[in-house]
Amino acid sequence: MERLTGKRDTLSHEEGCAMPKFMDVHSGFVGATEEQLRAAHERDLAIEEAEGVHFERAWLDPESGKVFCLSSGPSKEAVLRVHEKAGHPTSEIYELPVEVE
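Numbering (UniProt numbering), first residue to last: 1 to 101.
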């Protein structure tokens with residue numbers, strides 16, 4: 001599919017194609033370290049499979065206390081459930097239906 005048309009270029013997991021991508025934002029990590037971010041990310045990775053989610057990458061701004069996580073999965077709710085079970089829930093999540101390289 002054409003990436004710049006605004007059409008969704010990800011199909012459902014059931015169709016055997018790429019799943020939707022999500023970016024979520026966490027607050028409250030002021031002064032956190034790279035090691036703490038890695039530990040939180042590893043807790044997500046340890047339980048992601050149960051929800052059919054994959055956490056690809058995480059970023060930290062320790063000054064603002066914001067953490068940003070990029071994931072793919074069947075739904076926003078599945079991503080949020082993993083974060084909640086891992087001990088760092090968030091309500092701020094965005095689906096990323098359009099991507100350019």
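C-beta atoms are modelled at their ideal positions from N, C-alpha and C, and glycine is treated no differently.
These figures come from a predicted structure and were not determined experimentally.
C-alpha gap between residue i and residue j, whole angstroms
i: Ala86; j: Gly31; result: 20 Å
i: Ala46; j: Lys21; result: 19 Å
i: Pro74; j: Glu51; result: 8 Å
i: Trp59; j: Ala78; result: 20 Å
i: Ala18; j: His83; result: 21 Å
Option in the options with minimal Cα separation from residue i
i: Val53; options: Leu60, Arg43, Asp61 and Trp59; result: Arg43
i: Glu34; options: Pro62, Met23, Met19 and Glu49; result: Pro62
i: Phe68; options: Glu77, Glu49, Ala78 and Pro89; result: Pro89
i: Glu48; options: Trp59, Arg81 and Ala18; result: Arg81
i: residue 113; options: Glu84, Ser72 and His83; result: Here the chain has residues from 1 to 101 only, and residue 113 is not among them.
Own chain partners of residue i with C-beta closer than 6 Å, once the 5 adjacent residues on each side are dropped
i: Gly28; result: Gly65
i: His41; result: Ala58
Neighbour flag for residue i against chain B, beta carbons, 9 Å
i: Val25; result: No chain B appears in the structure shown, which is made up of a single protein chain.
Close-in-space but distant-in-sequence residues of the same chain around residue i (CB under 7 Å, 5 per side omitted)
i: Tyr94; result: Phe22 and Met23
i: Glu92; result: Asp24 and Val25
i: Lys76; result: Phe22, Ile93 and Glu95
Nearest-angstrom Cβ-Cβ length linking residue i and residue j, presumed shorter than 8 Å
i: Glu56; j: Leu70; result: 5 Å
**OP:** At 3 residues or longer, and completely inside the stretch 63-91: list those beta strand (DSSP E) runs for me, N to C.
**Re:** 66-72
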